[in-house]
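What follows is a set of notes on a single structure, which appears directly below.
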Amino acid sequence: MTGTDVRYMQRTRDYYRAQGYTSDYQWARHTEADFTELENPLKESRLAIVTTAMPDTSVGKKMRTVTITACLPPPASMFTDELSWDKENTHTRDVPSFLPIEQLAALASQGEIGSLSPRFFSLPTEYSQNNTSEIDAPIILQECRADKVDLALLVPL
Amino acid sequence: MSLVARHLETNGIPTVVIGSAIDIVEYCGVARYLHSDFPLGNPCGKPYDKEMQRNIVNQALTLFERAREPGTTERTPYTWGDNDDWREAYARVDDSNRDQLKALGEERRRQQARIKEAGATRAPLISQ
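In the order they appear, the protein sequences are chains A and B.
Numbering of the first sequence is given in the working numbering, commencing with residue 1 and proceeding in unit increments.
Numbering of the second sequence is given in the working numbering, commencing with residue 1001 and proceeding in unit increments.
This is the structure we're talking about:
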């Protein structure tokens, strides 16, 4: 953190207090994290993408579970209305600005990475951290293994 | 999202998170984090700026190989604009919207009660 970084936790607490909520949301807190070394170089690795954006379909707009979508062809739009992004200063009409399928597909065709996984994963943002940790994360792990994924790039909006 | 990164990492899949909320990601603790100091919404680069989007993804990829320990944070070299005005916009609370937010909260609580009555067990973290 630097002095100019936006303090989103404090900003969010203040925002919800102004709405009359009396209990602050408690963000997940860990002082340590596991670290897995790469087994193979990037040029031999398959990458998966995880996003918080949902598919721009009638199902994607309603689903509150992990949703799996083919990477190709890259989606022209994604459903982001429910997410908390800065709707005053920017927009999400350019999908590669938050879902890097095109960039990774290009890098795969240039041989910079082994391959892009055939499917990407949409993770619903959840009030319940248990739902994320106990339900959604294991599903994403299982599906990454099914796709023989070596590395994961996670891009929350 | 950071919780999923932690789970994958624990189970043998190296991860990089690209995001714009550095306080939340570092509070949760992840193995590798690339910070885009932009308004929330475009962590991979400004809309339609293909070169920037390519460079940010490239930096994230090389972070896989560069990071040597958990909790490694890097920043992209980019800034959003000529000034920092955007930093004040997200979830702003001031005299211009205080009454509106109070009314919004009341409506949200009614909505949440309806969702609960309907038996839903999953609700979005924040919906504006």
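By construction, the Cβ of each residue, glycine as well, lies at the ideal position given by its N, Cα and C atoms.
These figures come from a predicted structure and were not determined experimentally.
Problem set entry | Within 9 angstroms, strictly: CB atoms of A/Asp136 and A/Thr65 | As a first step, residue 136 of chain A must be located in the first sequence, where it is residue number 136. As a first step, residue 65 of chain A must be located in the first sequence, where it is residue number 65. Contact: yes.
Exercise. Is A/Ala76 close to chain C, meaning its C-beta is less than 9 angstroms from at least one C-beta of that chain?
Worked result: Of the protein chains in the structure, A and B, none is chain C.
For this session: Please classify A/Ile139: does DSSP put it in a helix, a strand, or coil?
Result: By one-based count along the first sequence, residue 139 of chain A stands at place 139. Helix.
Exercise. Which residue's Cα is closest to the Cα of B/Thr1079: B/Gln1100, B/Leu1063, B/Asn1042 and B/Pro1014?
Worked result: Along the second sequence, one-based indexing puts residue 1079 of chain B at 79. Per the Cα distances, B/Asn1042.
Problem set entry | C-alpha gap between A/Glu112 and A/Pro118, whole angstroms | Locating residue 112 of chain A in the first sequence gives position 112, counting from the first residue. Locating residue 118 of chain A in the first sequence gives position 118, counting from the first residue. Whole-angstrom Cα-Cα distance: 17 angstroms.
For this session: May I ask you to report which of helix, strand or coil DSSP gives A/Met9?
Result: Within the first sequence, numbered from 1, the residue matching residue 9 of chain A stands at position 9. If DSSP states are grouped into helix, strand and coil, A/Met9 belongs with the helices.
For this session: Please state whether DSSP places A/Leu42 in a helix, a strand or coil.
Result: Position 42 of the first sequence, counted from the start, is the residue given in the question as residue 42 of chain A. The answer is helix: DSSP assigns A/Leu42 an H, G or I state.
Exercise. When DSSP labels each residue in this structure, what does B/Ile1018 get in the three-state scheme?
Worked result: As a first step, residue 1018 of chain B is located in the second sequence; it is residue number 18 there, counting from the start. The three-state reading of DSSP puts B/Ile1018 in strand, counting E and B together.
Exercise. Just checking my contact of A/Asp120 with A/Cys71 at CB under 8 angstroms: how many whole Å lie between their CB atoms?
Worked result: For the purposes of this step, residue 120 of chain A is identified with residue 120 of the first sequence, where counting begins at 1. For the purposes of this step, residue 71 of chain A is identified with residue 71 of the first sequence, where counting begins at 1. As written in the sequence, residue 120 of chain A is Phe, which differs from the Asp given in the question. Right, the Cβ-Cβ distance comes to about 5 angstroms (below 8 angstroms), so this counts as a contact.
Problem set entry | Close beta carbons around B/Phe1064, own chain, < 8 angstroms, minus the five adjacent residues each side | Translated into positions along the second sequence, residue 1064 of chain B becomes position 64. Excluding positions up to five away in sequence, the list reads Pro1014, Val1016 and Arg1032.
For this session: Report the rounded CA-to-CA distance for A/Arg11 versus B/Cys1028, giving the unit in angstroms.
Result: Within the first sequence, the letter at position 11 stands for residue 11 of chain A. Within the second sequence, the letter at position 28 stands for residue 1028 of chain B. Cα to Cα, A/Arg11 sits roughly 17 angstroms from B/Cys1028.
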